[in-house]
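I have placed the structure first, in the form of structure tokens, so that the comments after it can refer back to it.
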Amino acid sequence: MSGSYDEASLAPEETTDSFWEVGNYKRTVKRIDDGHRLCNDLMNCVQERAKIEKAYAQQLTDWAKRWRQLIEKGPQYGSLERAWGAIMTEADKVSELHQEVKNNLLNEDLEKVKNWQKDAYHKQIMGGFKETKEAEDGFRKAQKPWAKKMKELEAAKKAYHLACKEEKLAMTREMNSKTEQSVTPEQQKKLQDKVDKCKQDVQKTQEKYEKVLDDVGKTTPQYMEGMEQVFEQCQQFEEKRLVFLKEVLLDIKRHLNLAENSSYVHVYRELEQAIRGADAQDDLRWFRSTSGPGMPMNWPQFEEWNPDLPHTATKKEKQPKKAEGVTLTNATGVVETTSQAGDRGSVSSYDRGQPYATEWSDDESGNPFGGNEANRGSNPFEDDAKGVRVRALYDYDGQEQDELSFKAGTGPGRRAGGAGIGRECGWGRAKPGWVPRRGLGSGGQGRDPVQVSGWGPHVGVGMWLGLGSRAGFGTVMGGQWDGPE
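Residue numbers (my numbering): 1466 to 1950.
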């Protein structure tokens, strides 16, 4: 046998993952298409971050606006109020900075990537990019001669291996024939001739195989040079993309990093100054002078009677003004308040502009809640004006002697429409009585609020909530509710 032979050599040659193998340059070509797609991914990434910055900026603005209003209306005062408000100012300024971040991301970074991508990649009419096609053509041209030689080499190797296989089979038959008695000398000669012919074929195919292999070896340097040249062109193109995107990422980092922004640092420097400017003693002195013992006072002095001056009624003598078309709403035995949007409720329900009572008198005759007997022992309605018809909204059993009892739907009774209500009564009562606020509805409506046409001097609008044991109750003439909200 003229050459070593192994049947395994006839199996398809294992291909490696090397760049130098035929067709393995396609990964380098694909990288060009991937670069274009990565530019799109980066732009999408920047755009999503810009949306986050915009949403956060808007949330800060809304939060600052809401809480600034609550603080301004709330009970906090003085320098601490200003310090608290400085937090809202910080939110507004930081909101502006995050809005600026959003603008920089979209107007600078995203546009920069978009313009570079447009200049670096040129689309073809038939699809794909010009740069991809140029790389593909360059690799194919550089690899074509070597690929042709490799094809010849593969054929020569296959022919040589087949010749070796035939030689081995012929030699095996010839050796076996020598031990068999049935084989004639003529047959023995034919087997020997077959062995000789196979040896000649092995020699010829081996020479051709070695010659083609030598040719491939000679063309390999030129092949490598051509492939290297095209690959370096692709490397240069990819290097531009990598360097550019690194610069863009640094720009993005610079825009996102507010800690390096001088305006951002200034915001918190001002905030700290505002908070440290709060002075508890100054606030206490201010409150003392505006709402405490430090307020000026017109102390009582002896005043000589002057007949030339008009008589001025005292506060005690003043009568409440008549109000037309007053509507009673939401006055109940138990006052309920509901905070909005999950508020804690303390500040949002407070209004520093709310009026509060500053007048008082030790004379309880003008106060419908001044005592249990003084008020309820007499009829607060003086004239003969007729009231408004009402009916009961639910069953109610009077808890005390002067409270009315009634059943739902019964009536009508009469409500005091002003001073001078008549003495007609409903539900069998001969005198005014007391009922809960929501116990009655004005004639025929069957629901609150109760519409009142006018108020007389005995109806105190501001005196019905939270005073004494009758908070949320009103007088009824013949079952009619008389209490304002």
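We treat Cβ as the ideally placed atom computed from N, Cα and C, and that holds for glycine.
Which residues DSSP lists as bridging residue i, in chain order
i, result
"Tyr1861", "Phe1871"
"Phe1594", "Lys1588"
Rounded straight-line distance, which links the Cα of residue j to that of residue i
i, j, result
"Leu1793", "Asp1748", "The predicted position of Leu1793 is uncertain, since its pLDDT is 37 and thus under 50; a value taken from the coordinates is nonetheless stated next. Cα to Cα, Leu1793 sits roughly 40 angstroms from Asp1748."
"Ala1955", "Lys1588", "Missing from the structure shown is residue 1955; the chain here goes from 1466 to 1950 and no further."
"Glu1546", "Ile1536", "7 angstroms"
"Asn1509", "Val1566", "16 angstroms"
"Met1692", "Ala1624", "30 angstroms"
"Gly1592", "Ala1522", "42 angstroms"
"Gly1742", "Trp1549", "11 angstroms"
"Thr1723", "Leu1562", "Thr is not the amino acid found at residue 1723; the sequence shown has Leu there. One C-alpha to the other measures close to 8 angstroms."
"Arg1638", "Lys1664", "14 angstroms"
"Thr1481", "Lys1659", "38 angstroms"
"Lys1614", "Tyr1674", "11 angstroms"
"Leu1618", "Lys1676", "9 angstroms"
"Glu1645", "Tyr1490", "58 angstroms"
"Gly1543", "Ser1560", "26 angstroms"
"Trp1532", "Pro1761", "34 angstroms"
"Lys1662", "Val1494", "50 angstroms"
"Glu1953", "Leu1656", "This structure cannot speak to residue 1953, because the chain is shown only from 1466 to 1950."
"Asp1862", "Phe1871", "7 angstroms"
"Thr1649", "Ser1642", "9 angstroms"
"Ser1756", "Pro1765", "20 angstroms"
"Asn1763", "Ile1740", "38 angstroms"
"Pro1606", "Lys1579", "The question names Pro, but residue 1606 in the sequence shown is Lys. C-alpha separation (whole angstroms): 33 angstroms."
"Trp1485", "Arg1496", "17 angstroms"
"Thr1684", "Asp1602", "19 angstroms"
"Val1667", "His1626", "8 angstroms"
"Gln1524", "Gln1541", "24 angstroms"
"Trp1946", "Pro1772", "Annotation note: pLDDT 42 at Trp1946 (below 50); position unreliable, no value reported."
"Glu1672", "Leu1678", "10 angstroms"
"His1501", "Gln1512", "17 angstroms"
"Asn1568", "Tyr1688", "51 angstroms"
"Lys1538", "Gln1738", "24 angstroms"
"Glu1704", "Pro1686", "26 angstroms"
"Arg1750", "His1720", "46 angstroms"
"Pro1758", "Lys1718", "58 angstroms"
"Pro1955", "Cys1699", "This structure cannot speak to residue 1955, because the chain is shown only from 1466 to 1950."
"Asp1557", "Thr1526", "6 angstroms"
Alpha helix (DSSP H) segment containing residue i, residue limits
i, result
"Pro1650", "1650 to 1721"
"Thr1554", "1543 to 1569"
"Val1732", "1727 to 1741"
"Trp1532", "1491 to 1538"
Whether residue i touches residue j by CB criterion (8 angstroms)
i, j, result
"Asp1498", "Phe1594", "yes"
"Lys1616", "Val1713", "no"
"Val1695", "Ala1600", "yes"
"Leu1736", "Ala1551", "yes"
"Ala1635", "Val1487", "no"
"Leu1507", "Leu1710", "yes"
"Thr1670", "Ala1620", "no"
"Phe1702", "Glu1596", "yes"
"Val1730", "Glu1555", "no"
"Cys1504", "Gln1582", "yes"
"Ala1529", "Leu1570", "no"
"Ala1585", "Arg1706", "yes"
"Gln1564", "Lys1598", "no"
Residue-chain proximity (residue i, chain D), Cβ-Cβ < 8 angstroms
i, result
"Val1494", "Structure shown: chain D not included; a single protein chain is present."
Could you name each continuous alpha helix (DSSP H) segment of 4 residues or more that falls completely within the stretch 1744 to 1778, going from the start of the chain to the end?
Annotation note: the stretch 1744 to 1778 contains the following uninterrupted alpha helix (DSSP H) runs of length 4 or greater, listed N- to C-terminal: 1745 to 1756.
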